[in-house]
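Chains as they are written, first to last, in numbering that gives the first Met the number 0: chain A, 0 to 256; chain B, 0 to 333. Just so it is clear, CB atoms sit at the ideal spot from N, CA and C, and this is done for glycine as well. Since this is a predicted model, take the numbers as computed values, not measurements. Below you'll find the structure, written out as structure tokens, and then a few comments.
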Amino acid sequence: MHPRLRLLACVATLSMAVILAACSGGAKEESTAPKDAAPATNPVDPSTAGAITGVVTLQGTPPPNPPINMSSDPYCMKLGAATTPVFVVSDDSGLENVFVYVKDGLGNLKFPVPPSPVVLDQKGCSYTPRVFGIQVGQSLDIVNSDETLHNIHALPMANREFNRGQALQGMKYTTTFTAPEVMLPFKCDVHKWMNAWVGVLEHPFYATSGKAGAFALAGLPPGTYTIEAWHEKLGKQTQQVTLGPKESKKISFVFKV
Amino acid sequence: MLHLFAMLVAATTGILIFAGGLVTSTESGLSVPDWPNTYGYFMFFFPLEKMVGGIRYEHTHRLIASTVGFLIVILAAWLWRAETRRWVRRLGYLALAAVITQGVLGGITVLWYLPDPISIAHASLAQLVFCLTMTIALVTSQGWKRAYATNGPAPDDLTLQRVAAVTTGLIYLQIVVGATMRHTGAGLAIPDFPLMFGQLIPPQWDPKIAIHFAHRLGAVIVSLAILATTGHVFYHHKSRSELRRPAMLLLALLLVQVTLGALTVLSKKEFIINSLHVVTGASVLVTSLVLTLRAHRARFAAGSKEQDPAYGRPMTVRRTGPFGPANSTAGDHA
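Right, dumping it as structure tokens:
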């Protein structure tokens, strides 16, 4: 073979090899099954189960939520002015979008994985819900309800990173997480104001504070628990709670600004 | 025509570097999650109305990159067919291999979620592609082929050759440090300018501060090197316009580049300023490279006497087949 042909052949072969290597990297985003299979039934005796309920409040006047400049996407812009819902506070100081969960105290109990998926919707150029929980192994359906495209980019520490494009309205991507992680952020690199957080846990005892900052962790077995509350800007707070059989306790978290 | 085309390729490579700078400055690198497709579309069929948000920067970068790649394919083929100097033809092949590798690095960095080493390699190789296309544009010019003879014999000034080469090397190193700073998020690790945390030396250190400090220190070293090179040109070779002009341009670009660097910090990385800093850095590099190559022109002159004054071809060219002669001619070295 002529030397120049040989050189061209070498360059082409090298390029193909590198392209193939590059394409194989995309497989990283595939989820794998959890190592320990979840049991089929709930290990908690319902006759002794109790509950922890409470409220999250905000003390002080929060800074105004930053306005969102949606001018980079005409579809989003025509939806009207919006602000980033960092501080969603009710008239009686209840703080929404705080993730409350049992951080410790469940020992080695294993819980079944809920068969129904959690849905994360991209709607109105924002994520709904903004803060939510899911169990390890439970399906997460990520859907695009907008007439524009989004990419959903998960930035985990303990799970596998993924970045999926959803170019059309109605597209859905289903995934699962293999390891507990509180909190795991999502972002849209197309619309930089879009952020969401998911708490991935091995048990079902979590909630996101809703209107007036209320939350409830029901069906807990008797025991002493560390309850943690997480807010995207204000950080974390924890407290210890001891539950007797069929006991319900009310607690409160107070974040300050 | 070949020279004009090579100039076009070099210019589009510079535009591509600016577009790449915009992608990093707007943090849009992952706004298109797939590669080589764009949201499942064949790249060139991606609907314009879907180019929103960060996609505008990332997809435009890909389109320009594809154009540059295509132009370099043509350039390499053109050199292969028409260029008689073997080393110039090889520059074309090297540019082609570099731009292919560059494209693959760009794809890998998207598919692997922008790992720092790959992104830094992508940014650093971009500068080498720019250097290669600019070198091809230079050595296919009439001035180069005539060894800038209108100004008398090209000077063979060893001191200039050395200081210019060192300067070009330092500029490239500084750009690699800059790329490291950008891709590790250290651009504002030192938030004030010209002082650093209000002092001449940072009072606190972490890896990001160290990278940022290295880039500022590098700016001082590069500035001194450029002053040494240009000062030597102005003092010893003032009559040589082929050296004086790039030297003047180099000084002007240095001034702009230092200003842009300061503004990048003071504006908290405003994306246009930040991207202009990237492309001006690349311009400083290739200007220094042109000066360096011209300073070395006399060393390329061995075969120049045999060249056609109009095109620089050797007077006797033997084409034995579709791939040209197997053996080189005297003109191969000029």
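Checklist entry - Does the Cβ-Cβ distance between B/Tyr147 and B/Glu241 come in under 7 Å? => result For the purposes of this step, residue 147 of chain B is taken as the residue at position 148 of the second sequence. For the purposes of this step, residue 241 of chain B is taken as the residue at position 242 of the second sequence. Their beta carbons are under 7 Å apart, which means B/Tyr147 touches B/Glu241 by this criterion.
Next on the checklist: I need the DSSP call for A/His190, collapsed to helix, strand or coil.
Outcome noted: In the first sequence, residue 190 of chain A corresponds to position 191, counting from 1. Correct three-state label for A/His190: coil.
Item to check | Of the residues B/Ala94, B/Val277 and B/Leu95, the one placed nearest B/Thr179, counting alpha carbons only | outcome: Along the second sequence, one-based indexing puts residue 179 of chain B at 180. The candidate whose alpha carbon is nearest that of B/Thr179 is B/Val277.
Next on the checklist: Check this for me: beta carbons of A/Asn150 and B/Pro245, under 7 Å apart or not?
Outcome noted: Here residue 150 of chain A refers to the residue found at position 151 of the first sequence. Here residue 245 of chain B refers to the residue found at position 246 of the second sequence. In this structure, B/Pro245 does not lie closer than 7 Å to A/Asn150 by Cβ.
Checklist entry - Taking the runs of the beta strand (DSSP E) that are 3 residues or longer, which of them lie wholly in the region 68–126 of chain A? => result 98–103 and 117–122
Checklist entry - Given that B/Ser27 touches chain A, what residues does it touch there, using C-beta distances under 7 Å? => result On the second sequence, residue 27 of chain B is found 28 positions in, with the first residue counted as 1. The answer, in chain order, is Asp188.
Next on the checklist: Short of 8 Å in beta carbon distance, which residues of its chain neighbour B/Val176, apart from the five on each side in sequence? Order them along the chain.
Outcome noted: Mapped onto the second sequence, residue 176 of chain B falls at position 177. The residues are Ile210, Ala213, His214 and Gly217.
Checklist entry - Three or more beta-carbon pairs under 8 Å between the region 134–154 of chain A and the region 232–252 of chain A, yes or no? => result no
Next on the checklist: My output table needs one value for A/Val197: the three-state DSSP class, helix, strand or coil.
Outcome noted: To locate residue 197 of chain A, count along the first sequence from 1; it is residue 198. For A/Val197, the secondary structure class from DSSP, reduced to helix, strand or coil, is strand.
Checklist entry - Does the distance from the CB of B/Leu259 to the CB of B/Thr279 come in under 7 Å? => result As a position in the second sequence, residue 259 of chain B is number 260, starting the count at 1. As a position in the second sequence, residue 279 of chain B is number 280, starting the count at 1. Yes, they are a contact pair.
Checklist entry - Going by beta carbon distance, what residues of the same chain come within less than 8 Å of A/Ala39, once the five residues before and after it are set aside? => result Here residue 39 of chain A corresponds to residue number 40 of the first sequence, with the count starting at 1. Closer than 8 Å at the Cβ level, and outside the excluded window around A/Ala39, lie Pro111.
Item to check | Where the region 155–174 of chain A meets chain B: residues whose CB sits under 7 Å from a CB there | outcome: Glu160, Asn162, Arg163, Gly164 and Ala166
Checklist entry - Using DSSP with H/G/I as helix, E/B as strand and the rest coil, what is B/Phe44? => result The sequence position of residue 44 of chain B within the second sequence is 45, counting from 1. Helix at B/Phe44.
Checklist entry - Would you say the region 219–233 of chain B touches the region 261–270 of chain B, given that touching needs at least three Cβ pairs under 8 Å? => result no
Next on the checklist: Can you pull the chain B neighbours of A/Lys191, defined as C-beta to C-beta under 8 Å?
Outcome noted: Reading the first sequence from its first residue, position 192 is the one you call residue 191 of chain A. Ordered by position in chain B, the residues that pass the 8 Å Cβ test against A/Lys191 are Glu26, Gly52 and Gly53.
Item to check | At least 3 beta-carbon pairs within less than 8 Å: the region 140–149 of chain A vs the region 113–120 of chain A | outcome: As far as the Cβ criterion goes, the region 140–149 of chain A touches the region 113–120 of chain A, which means the pair count is three or higher.
Item to check | As assigned by DSSP and simplified to three states, the class of B/Glu57 | outcome: As a first step, residue 57 of chain B is located in the second sequence; it is residue number 58 there, counting from the start. Correct three-state label for B/Glu57: helix.
Checklist entry - Hey, how far is the Cα of A/Pro155 from the Cα of B/Leu62? => result Locating residue 155 of chain A in the first sequence gives position 156, where the first residue counts as 1. Locating residue 62 of chain B in the second sequence gives position 63, where the first residue counts as 1. Straight-line Cα distance between these residues: approximately 31 Å.
Checklist entry - At what residues does the beta strand (DSSP E) containing A/Asn143 begin and finish? => result For the purposes of this step, residue 143 of chain A is identified with residue 144 of the first sequence, where counting begins at 1. Start and end: Leu139 to Asn143.
Item to check | Cα-Cα separation, B/Pro202 to B/Thr263 | outcome: Locating residue 202 of chain B in the second sequence gives position 203, counting from the first residue. Locating residue 263 of chain B in the second sequence gives position 264, counting from the first residue. Taking the straight line joining both Cα atoms gives about 22 Å.
Next on the checklist: Against chain A, does B/Ser118 count as a neighbour if the rule is that its beta carbon must be under 7 Å from one of theirs?
Outcome noted: Indexing the second sequence from 1 puts residue 118 of chain B at position 119. For B/Ser118, the answer is no, since every Cβ of chain A falls outside 7 Å of its Cβ.
Checklist entry - Roughly how far, in whole angstroms, is the beta-carbon of A/Asn194 from the beta-carbon of A/Glu180, given that I think they are within contact range, below 8 Å? => result Taking the first sequence and counting its residues from 1, one reaches residue 194 of chain A at position 195. Taking the first sequence and counting its residues from 1, one reaches residue 180 of chain A at position 181. A/Asn194 to A/Glu180, Cβ: 16 Å. No contact.
Item to check | Neighbouring residues, chain A, relative to B/Lys49 (Cβ below 7 Å) | outcome: Here residue 49 of chain B corresponds to residue number 50 of the second sequence, with the count starting at 1. Simply Leu148 and Ala166.
Item to check | Range covered by the alpha helix (DSSP H) that runs through B/Asn273 | outcome: Here residue 273 of chain B refers to the residue found at position 274 when the second sequence is read from its first residue. Element bounds for B/Asn273: Phe270 to Ala294.
Next on the checklist: Please tell me whether B/Tyr112 has its Cβ less than 7 Å away from any Cβ of chain A.
Outcome noted: What you label residue 112 of chain B is simply residue 113 of the second sequence in a count that begins at 1. Judged by the 7 Å Cβ criterion, B/Tyr112 is in contact with chain A.
Checklist entry - By Cβ distance below 6 Å, which residues in the same chain neighbour A/Met76 in space, the five residues on each side in sequence not counted? => result If you number the first sequence from 1, residue 76 of chain A lands on position 77. These residues qualify, in order along the chain: Met69 and Ser70.
Item to check | Neighbourhood of A/Phe214 by C-beta distance below 8 Å, restricted to the same chain and skipping five residues each side | outcome: The residue labelled residue 214 of chain A in the question sits at position 215 within the first sequence. Correct list, in chain order: Thr52, Gly53, Val54, Val55, Val97, Val99, Ala206, Thr207 and Ser208.
Next on the checklist: Buried or exposed, going by whether 16 or more other CB atoms sit within 10 Å of the CB of B/Glu57?
Outcome noted: Against the second sequence, residue 57 of chain B aligns to sequence position 58. Residue burial annotation: B/Glu57 is buried, with at least 16 other C-beta atoms found within 10 angstroms of its C-beta.
Checklist entry - Taking 7 Å as the CB-CB limit, is B/Asp33 close to chain A? => result Here the question's residue 33 of chain B lines up with position 34 in the second sequence. So yes, B/Asp33 belongs to the interface.
Next on the checklist: Just to confirm before moving on: does the CB-CB distance between A/Met182 and A/Gly198 stay below 7 Å?
Outcome noted: Position 183 of the first sequence, counted from the first residue, corresponds to residue 182 of chain A. Position 199 of the first sequence, counted from the first residue, corresponds to residue 198 of chain A. Yes, these two residues count as a Cβ contact at 7 Å.
Next on the checklist: So, for A/Ala178: in the same chain, excluding its five sequence neighbours on each side, which residues have a beta-carbon less than 6 Å away from its beta-carbon?
Outcome noted: Locating residue 178 of chain A in the first sequence gives position 179, where the first residue counts as 1. So the list reads Ala157 and Asn158, once near-sequence residues are dropped.
Next on the checklist: On the DSSP bridge list, what partners appear for A/Ala215?
Outcome noted: The residue you call residue 215 of chain A lines up with position 216 of the first sequence. In DSSP, A/Ala215 forms a bridge with A/Thr52.
Next on the checklist: What residue range does the beta strand (DSSP E) around A/Gln236 cover?
Outcome noted: Position 237 of the first sequence, counted from the start, is the residue given in the question as residue 236 of chain A. Element bounds for A/Gln236: Gly234 to Leu242.
Checklist entry - At which residue ranges does the region 150–189 of chain A contain complete beta strand (DSSP E) runs of 3 or more residues, listed in the order of the chain? => result Segments of the beta strand (DSSP E) lying fully in the region 150–189 of chain A: 161–165, 171–174 and 180–186.
Checklist entry - Buried or exposed: where does B/Val103 fall if 16 or more other Cβ atoms within 10 Å of its Cβ makes it buried? => result The residue you call residue 103 of chain B lines up with position 104 of the second sequence. Looking at its Cβ environment, which holds 16 or more other Cβ atoms inside 10 Å, B/Val103 is buried.
Item to check | DSSP beta-bridge partners of A/Trp307 | outcome: Lying before the first or after the last residue shown, residue 307 of chain A is absent from chain A, which here runs from 0 to 256.
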